[in-house]
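K.L.:
Sharing a structure below in structure tokens format, with a few things to ask.
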Amino acid sequence: MDAHTCLGEPRLLISHGALRHNAGVLRAAVGESVKICAILKADAYGHGAAGVARTLAADGLADALAVASLDEALALPEVGLPVVVFRPVENIYVGRQREQLEEAIGRGWTLTICSAAAAGDVARLALGMGKRAAVQVKIDTGMSRSGVDDGEAHEVIDAVTRQPALRLGGLCTHFACADEVDDVATGEQFRRFCEVTDGFVDSRAGGRRPLRHVANTAAMLLHPHTHLDMVRPGLGLYGIDPMGAASGRNLKPVMKWVAPLLMVRPVRKGASVGYGLTWTAPRETRLGLVSVGYADGYMRSFSNRAKVMINGTAAAVVGRVSMDLITVDLGSVPSAQQGDEVTLLEDDPASPASVYALAELGGTIPYEIFCRIGARVHRVVVEEDVGRDLSRRVFESAG
Ligand SMILES: *Cc1c(COP(=O)(O)O)cnc(C)c1O
Numbered sequence: 000m001d002a003h004t005c006l007g008e009p010r011l012l013i014s015h016g017a018l019r020h021n022a023g024v025l026r027a028a029v030g031e032s033v034k035i036c037a038i039l040k041a042d043a044y045g046h047g048a049a050g051v052a053r054t055l056a057a058d059g060l061a062d063a064l065a066v067a068s069l070d071e072a073l074a075l076p077e078v079g080l081p082v083v084v085f086r087p088v089e090n091i092y093v094g095r096q097r098e099q100l101e102e103a104i105g106r107g108w109t110l111t112i113c114s115a116a117a118a119g120d121v122a123r124l125a126l127g128m129g130k131r132a133a134v135q136v137k138i139d140t141g142m143s144r145s146g147v148d149d150g151e152a153h154e155v156i157d158a159v160t161r162q163p164a165l166r167l168g169g170l171c172t173h174f175a176c177a178d179e180v181d182d183v184a185t186g187e188q189f190r191r192f193c194e195v196t197d198g199f200v201d202s203r204a205g206g207r208r209p210l211r212h213v214a215n216t217a218a219m220l221l222h223p224h225t226h227l228d229m230v231r232p233g234l235g236l237y238g239i240d241p242m243g244a245a246s247g248r249n250l251k252p253v254m255k256w257v258a259p260l261l262m263v264r265p266v267r268k269g270a271s272v273g274y275g276l277t278w279t280a281p282r283e284t285r286l287g288l289v290s291v292g293y294a295d296g297y298m299r300s301f302s303n304r305a306k307v308m309i310n311g312t313a314a315a316v317v318g319r320v321s322m323d324l325i326t327v328d329l330g331s332v333p334s335a336q337q338g339d340e341v342t343l344l345e346d347d348p349a350s351p352a353s354v355y356a357l358a359e360l361g362g363t364i365p366y367e368i369f370c371r372i373g374a375r376v377h378r379v380v381v382e383e384d385v386g387r388d389l390s391r392r393v394f395e396s397a398g
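Mind the numbering: the sequence shown is residues 0 to 398 in numbering that gives the first Met the number 0, read in order.
Given below as structure tokens:
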């Protein structure tokens with residue numbers, strides 16, 4: 000299948016060339032002795048978790064994969080890497096959790112424990128199956144979100160190590176402010192984590208130490224002393240710098256969002272556009288119609304503010320973004336014709352349609368822009384990020 004044949008509809012082009020490049024940059028940042036746990040939650044931040052998992056595994060670019068939920072773990076393909084589920088195990092008798100947890104234990108996934116009760120619950124399930132469950136203990140060191148308070152962490156760790164049906168695979172925490180260069184909070188969180196975990200050995204496991212891991216992308220890049228045994232990059236794998244576009248770290252955005260110019264229509268000066276008639280043509284111009292809208296995650300707050308790229312030139316989104324359509328002013332792109340490729344989200348960090356620019360316009364962060372892009376937009380894996388030309392090799396289409 001040629002890339003162009005699939006461009007009759009909006010598509011997310013996912014460059015696995017860029018993904019490999021970013022994994023290499025992150026590997027170089029931590030060296031060979033630190034494990035990399037690739038964060039694939041939220042469908043790999045909208046990039047298609049199955050494809051990302053396969054590429055990372057095939058090329059030896061990650062040592063483990065992590066997701067937020069059991070549902071997400073169940074949706075991953077089997078690629079031969081350890082799987083970590085970060086949502087704490089709680090309420091195991093609610094809904095169908097118990098069956099899902101048994102599946103998780105059976106498959107050897109690492110489950111996250113934040114309470115002694117949860118340790119007991121997982122141990123009971125494992126015992127009933129005649130298995131040993133892998134768990135990690137998440138410690139709260141100041142973010143006050145999930146995790147056992149550091150002051151009580153030893154009780155939970157003891158509750159795990161007392162259970163023959165549990166294997167303590169990891170100790171971890173999560174930073175609140177790792178993307179701030181000079182913040183004191185990260186240093187304080189790291190100090191508290193080390194205070195609880197330094198020198199800890201699982202005596203029952205022959206003195207083996209559980210993996211200690213705390214660093215997300217920002218901590219990996221800005222606070223190298225926090226690498227410990229394993230790091231947990233998400234955003235960086237997808238080519239986005241937590242410090243913003245201008246940090247010059249040579250990450251390559253993996254995602255590009257394109258759609259065809261569905262129709263072109265001339266309008267006279269004074270014509271008004273879209274719901275609420277919020278834009279009025281200041282001159283005679285041509286409007287382009289693109290079949291994408293807020294149902295796809297192209298935010299309504301982009302109305303009259305965002306830019307798209309056509310033939311390398313920016314065109315303004317005019318009028319309100321509606322559920323399935325946007326209109327753009329083609330006055331700046333006289334060459335634009337029906338069927339041309341419109342880029343809604345550019346893989347160039349400096350573009351007016353970069354994820355950084357869209358996040359700014361939407362009053363949000365690149366993570367949320369990615370996560371909002373709906374299932375209606377098919378993901379297409381392309382081998383290399385060779386830009387706009389037609390030599391893009393499409394080798395897989397994920398629907
Ligand atoms: C999402 C997440 C990460 C990855 O964070 P990035 O900022 O995307 O690198 C790491 N660890 C945990 C526990 C997470 O939930």
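Even for Gly, the Cβ is constructed at its ideal location relative to N, Cα and C.
According to DSSP, is Glu194 part of a helix, a strand, or is it coil?
P.N.:
For the purposes of this step, residue 194 is identified with residue 195 of the sequence shown, where counting begins at 1. Glu194: helix per DSSP, three-state reduction.
K.L.:
For Arg10, which residues of its own chain have a beta-carbon under 8 Å away from its beta-carbon, when the five flanking residues on both sides are left out?
P.N.:
To locate residue 10, count along the sequence shown from 1; it is residue 11. Cβ within range, chain order: Trp256, Val257, Ala258, Val376, His377, Arg378, Val379.
K.L.:
Using the three-state DSSP reduction, which class does His15 fall into: helix, strand or coil?
P.N.:
If you number the sequence shown from 1, residue 15 lands on position 16. Helix.
K.L.:
Please report the straight-line C-alpha distance between Val29 and Met219, rounded to a whole angstrom.
P.N.:
Here residue 29 is taken as the residue at index 30 of the sequence shown, counted from 1. Here residue 219 is taken as the residue at index 220 of the sequence shown, counted from 1. The straight-line gap from Cα to Cα measures roughly 7 Å.
K.L.:
In whole angstroms, what is the alpha-carbon distance linking Leu43 and Ala115?
P.N.:
On the sequence shown, residue 43 is found 44 positions in, with the first residue counted as 1. On the sequence shown, residue 115 is found 116 positions in, with the first residue counted as 1. It is Ala, not Leu, that sits at residue 43 in the sequence shown. One C-alpha to the other measures close to 31 Å.
K.L.:
Identify, in the order they occur along the chain, each residue of the same chain with its Cβ nearer than 8 Å to the Cβ of Asp347, setting aside the five sequence neighbours on each side.
P.N.:
If you number the sequence shown from 1, residue 347 lands on position 348. Only Pro252, Ser353 meet the Cβ criterion.
K.L.:
For Pro223, which of Gly186, Val136, Ala37, Tyr237 has the nearest alpha-carbon?
P.N.:
Position 224 of the sequence shown, counted from the first residue, corresponds to residue 223. Closest by alpha carbon: Gly186.
K.L.:
Judging by CA-CA distance, which residue of Val136, Lys130, Ala184, Val82 is the nearest neighbour of Pro163?
P.N.:
Residue numbering aside, residue 163 sits at position 164 when the sequence shown is read from its first letter. Ranking the options by Cα distance to Pro163, first place goes to Lys130.
K.L.:
Looking at ligand 1, does it come within less than 7 Å of Pro241, judged from the CB to the closest heavy atom?
P.N.:
Translated into the one-based positions of the sequence shown, residue 241 becomes position 242. Yes, Cβ of Pro241 sits closer than 7 Å to a heavy atom of ligand 1.
K.L.:
Considering only residues of the same chain and omitting the five flanking positions on each side of Leu167, which have a CB-CB separation below 8 Å?
P.N.:
By 1-based counting over the sequence shown, the position of residue 167 is 168. Closer than 8 Å at Cβ, skipping near neighbours: Val134, Gln135, Val136, Ile156, Val159, Thr160, Asp201, Ala204, Pro209.
K.L.:
Counting Cβ pairs closer than 8 Å, one from the segment 48–59 and one from the segment 270–281, do we hit at least three?
P.N.:
Contact between the segment 48–59 and the segment 270–281 is absent, because fewer than three Cβ pairs lie under 8 Å.
K.L.:
For Asn215, tell me which candidate among Met242, Ala122, Gly206 has the shortest Cα-Cα distance.
P.N.:
In the sequence shown, the residue the question calls residue 215 occupies position 216. Checking every option, the nearest Cα to that of Asn215 belongs to Met242.
K.L.:
Have a look at Ser246 and Asp240 and give me their C-alpha separation to the nearest angstrom.
P.N.:
What you label residue 246 is simply residue 247 of the sequence shown in a count that begins at 1. What you label residue 240 is simply residue 241 of the sequence shown in a count that begins at 1. Roughly 7 Å separates the two Cα atoms.
K.L.:
Is there at least one non-hydrogen atom of ligand 1 closer than 7 Å to the beta-carbon of Ile38?
P.N.:
Position 39 of the sequence shown, counted from the first residue, corresponds to residue 38. Because some heavy atom of ligand 1 lies under 7 Å away, the Cβ of Ile38 counts as near it: yes.
K.L.:
Out of Glu101, Phe174, Ala125, state which residue places its alpha-carbon closest to the alpha-carbon of His146.
P.N.:
Reading the sequence shown from its first residue, position 147 is the one you call residue 146. The question names His, but residue 146 is Gly in the sequence shown. The shortest C-alpha separation from Gly146 is found at Phe174.
K.L.:
Quick check on Cys171: does DSSP put it in helix, strand or coil?
P.N.:
As a first step, residue 171 must be located in the sequence shown, where it is residue number 172. Reduced to three states, the DSSP call for Cys171 is strand.
K.L.:
Between Leu221 and chain C, is any beta-carbon pair separated by less than 8 Å?
P.N.:
Considering every chain present, this structure includes no chain C. It has just one protein chain.
K.L.:
With distance defined between alpha-carbon atoms, name the residue in Asp323, Arg86, Arg144 nearest to Gly292.
P.N.:
Reading the sequence shown from its first residue, position 293 is the one you call residue 292. Comparing Cα-Cα distances from Gly292 to each of Asp323, Arg86, Arg144, the minimum goes to Asp323.
K.L.:
Just curious, the beta strand (DSSP E) that Phe85 is in, first and last residue?
P.N.:
For the purposes of this step, residue 85 is taken as residue 86 along the sequence shown, with counting starting at 1. Note, Phe85: beta strand (DSSP E), 82–87.
K.L.:
Pick helix, strand or coil for Cys36, following the three-state DSSP scheme.
P.N.:
Within the sequence shown, residue 36 is the residue found at index 37, counting from 1. Cys36: strand per DSSP, three-state reduction.
K.L.:
Report the start-end ranges of each beta strand (DSSP E) in the segment 95–164 that is 3 residues or longer and not cut off at the edges.
P.N.:
Complete beta strand (DSSP E) runs here, min 3: 109–112, 132–139.
K.L.:
Among residues of its own chain, excluding the 5 on either side of Tyr237, which ones have a beta-carbon nearer than 8 Å to its beta-carbon?
P.N.:
Within the sequence shown, the letter at position 238 stands for residue 237. Excluding residues within five positions, the ones whose Cβ falls inside 8 Å are Leu18, Asn21, Ala43, Tyr44, His46, Pro252, Val253, Met254, Phe369.
K.L.:
Look at the alpha carbon of Arg95 and the alpha carbon of Cys36, and state the distance between them as a whole number of angstroms.
P.N.:
Start at 1 with the first residue of the sequence shown, and residue 95 comes out as number 96. Start at 1 with the first residue of the sequence shown, and residue 36 comes out as number 37. Cα to Cα, the separation comes out at about 27 Å.
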